[in-house]
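Just so you know, the sequences run in chain order A and B. The first sequence lines up with residues 5 to 229 when you count with my numbering. The second sequence lines up with residues 5 to 229 when you count with my numbering. We put the beta carbon where it would ideally sit given N, CA and C, even for glycine. Quick notes on the structure that follows.
2 protein chains.
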Amino acid sequence: MIHMEIKVLRNVLEANDALASENRRLLREKEIYTINLIASPGAGKTTVLERTIDGLKGEFRIAVVEGDIAGSADAVRIGRHQVPVIQINTGGDCHLNANMVRSALGDLPLAEIDLLFIENVGNLVCPAGFDIGEEIKVVILSVAEGDDKPEKYPLIFEQSSAMVLNKLDLMGMVDFDMEKARSAARATNPELPIFELSARTGEGIEGWLEWLRTRVKTGRPTPRA
Amino acid sequence: MIHMEIKVLRNVLEANDALASENRRLLREKEIYTINLIASPGAGKTTVLERTIDGLKGEFRIAVVEGDIAGSADAVRIGRHQVPVIQINTGGDCHLNANMVRSALGDLPLAEIDLLFIENVGNLVCPAGFDIGEEIKVVILSVAEGDDKPEKYPLIFEQSSAMVLNKLDLMGMVDFDMEKARSAARATNPELPIFELSARTGEGIEGWLEWLRTRVKTGRPTPRA
Numbered sequence: 005m006i007h008m009e010i011k012v013l014r015n016v017l018e019a020n021d022a023l024a025s026e027n028r029r030l031l032r033e034k035e036i037y038t039i040n041l042i043a044s045p046g047a048g049k050t051t052v053l054e055r056t057i058d059g060l061k062g063e064f065r066i067a068v069v070e071g072d073i074a075g076s077a078d079a080v081r082i083g084r085h086q087v088p089v090i091q092i093n094t095g096g097d098c099h100l101n102a103n104m105v106r107s108a109l110g111d112l113p114l115a116e117i118d119l120l121f122i123e124n125v126g127n128l129v130c131p132a133g134f135d136i137g138e139e140i141k142v143v144i145l146s147v148a149e150g151d152d153k154p155e156k157y158p159l160i161f162e163q164s165s166a167m168v169l170n171k172l173d174l175m176g177m178v179d180f181d182m183e184k185a186r187s188a189a190r191a192t193n194p195e196l197p198i199f200e201l202s203a204r205t206g207e208g209i210e211g212w213l214e215w216l217r218t219r220v221k222t223g224r225p226t227p228r229a
Numbered sequence: 005m006i007h008m009e010i011k012v013l014r015n016v017l018e019a020n021d022a023l024a025s026e027n028r029r030l031l032r033e034k035e036i037y038t039i040n041l042i043a044s045p046g047a048g049k050t051t052v053l054e055r056t057i058d059g060l061k062g063e064f065r066i067a068v069v070e071g072d073i074a075g076s077a078d079a080v081r082i083g084r085h086q087v088p089v090i091q092i093n094t095g096g097d098c099h100l101n102a103n104m105v106r107s108a109l110g111d112l113p114l115a116e117i118d119l120l121f122i123e124n125v126g127n128l129v130c131p132a133g134f135d136i137g138e139e140i141k142v143v144i145l146s147v148a149e150g151d152d153k154p155e156k157y158p159l160i161f162e163q164s165s166a167m168v169l170n171k172l173d174l175m176g177m178v179d180f181d182m183e184k185a186r187s188a189a190r191a192t193n194p195e196l197p198i199f200e201l202s203a204r205t206g207e208g209i210e211g212w213l214e215w216l217r218t219r220v221k222t223g224r225p226t227p228r229a
């Protein structure tokens with residue numbers, strides 16, 4: 005029984021990885037730089053995305069894939085920023101998989117996109133295990149969540165190419181030790197770039213945008229996943 | 005292939021449910037009231053638990069099972085409050101299961117416990133699918149996470165017997181519409197008791213403690229799960 009479970013799980017992951025590689029090949033062929041955004045529920049993924057779109061849409065043609073268990077509230081928010089957006093509902097699954105993303109890519113004008121953000125389901129655990137064909141993963145942590153999160157959920161911090169520390173406007177209102185969070189994240193990923201910002205107020209957003217500009221323009225870094 | 009996956013998943017869930025029923029039978033036999041605490045990473049589960057222990061430990065003999073992917077920081081925090089605590093590390097799984105809890109119960113002095121809190125892995129999705137033998141589930145949402153969460157993660161709000169709205173001290177600093185959150189939660193669970201409080205400052209904690217007192221003293225409500 006246990007043996008069969010493990011075998012089926014391996015088959016599922018292998019099938020996912022094969023589809024993820026196909027997605028990545030297609031996205032690179034179309035010269036689209038793709039970012040898989042991962043965070044807990046309520047860390048501010050959509051708000052960070054809205055600020056990022058507003059900051060970069062004059063320079064790059066941006067599109068978004070929204071992943072949620074249910075509903076389309078985030079796609080509606082993103083749609084207001086005049087970029088193409090596709091909503092995926094996983095119907096219960098705690099992460100996007102490569103097959104869901106493949107379907108979404110079929111509905112996007114790939115020839116007219118430079119930068120694609122895929123906002124994963126709100127979860128610090130499951131999305132780390134599933135390659136969806138992205139170029140890089142970026143993890144967002146809010147200061148309201150506490151400085152112990154990189155230690156408690158190490159895999160996603162290890163796999164990410166950058167970390168956004170959001171809700172900087174709440175510092176002082178919450179018990180969050182910035183140095184502790186930074187060193188916990190760097191214990192799993194020593195070179196991790198960290199951007200402290202408030203998507204709500206806009207504070208600190210420019211460093212993050214500048215990093216993104218460079219990544220998108222210089223092309224394809226080795227994915228960490 | 006797909007057929008086999010579904011069959012294996014069903015077997016896993018059936019095996020889990022059988023073990024969960026055994027856990028529940030044991031816990032009831034020992035007259036232990038067991039609460040499965042579920043929330044996103046950083047919603048404040050451990051801080052709520054610390055306040056709750058301090059508020060009730062003169063009246064009930066309390067114990068705690070801590071569930072985390074990695075580490076034992078939460079068990080150390082709970083241990084400072086002089087109650088028995090067992091740390092489970094799932095090693096990657098995004099939820100506790102009944103078998104993990106069964107092992108932990110073997111290490112607890114069951115004859116000397118009235119009220120057992122099981123703090124699940126930080127996740128609004130996966131723990132909702134796995135009965136671990138609890139009497140009731142309680143979901144904790146922090147106002148920093150946003151008022152749209154009950155709509156986006158409906159299952160856990162549907163299954164919970166109460167909702168704690170934590171970090172009330174941040175109201176006004178975050179965009180959180182209390183009425184919207186309450187009505188979204190009650191759209192999936194019309195009778196859901198909701199406790200607005202700040203575990204950090206202690207504000208509002210008494211209503212939650214009073215509800216717990218009544219539940220523990222009057223015994224065994226029908227589990228919703």
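Going by DSSP, A/D58 is part of the alpha helix (DSSP H) stretching over K49 to L60. With distances taken between CA atoms, B/D78 lies nearest to B/Q91 out of B/Q86, B/Q91 and B/V87. Contact with chain A is absent for B/D181, since none of that chain's Cβ atoms lies less than 8 Å from the residue's Cβ.
A/I144 is positioned such that its CB atom lies closer than 8 Å to that of A/N170. Under the DSSP assignment, A/S146 falls in the beta strand (DSSP E) whose first and last residues are I140 to S146.
A/L128 has a beta carbon lying within less than 8 Å of a beta carbon in chain B. Taking A/H85 as the centre and dropping the five residues before and after it, the same chain places the C-beta of E54, I57, D58 and K61 closer than 8 Å to its C-beta, in chain order.
Within 10 angstroms of the beta-carbon of A/K153 lie 16 or more other beta-carbons, which makes it buried. Taking 8 Å as the CB threshold, A/A22 stays off the interface with chain B. In chain order, G46 make up the part of chain B whose C-beta sits under 7 Å from the C-beta of A/G150. No Cβ of chain A is located within less than 8 Å of the beta carbon of B/K221.
The closest CA to that of A/M167, considering only A/E138, A/A43, A/R14 and A/D21, is found on A/A43.
Taking CB atoms only, A/I73 has a neighbour in chain B less than 8 Å away. Per DSSP, reduced to three states, the secondary structure at B/F161 is helical. Between A/I36 and A/I140, the CB-CB gap reaches or exceeds 8 Å. Here B/F121 is bridged, per DSSP, to B/I39 and B/V68. Residues N101, A102, N103, F134 and D135 of the same chain have their beta carbon placed closer than 8 Å to that of B/N20, with the five preceding and five following residues left out of the count. Straight across, the Cα-Cα distance linking B/T38 with A/T51 is about 37 Å.
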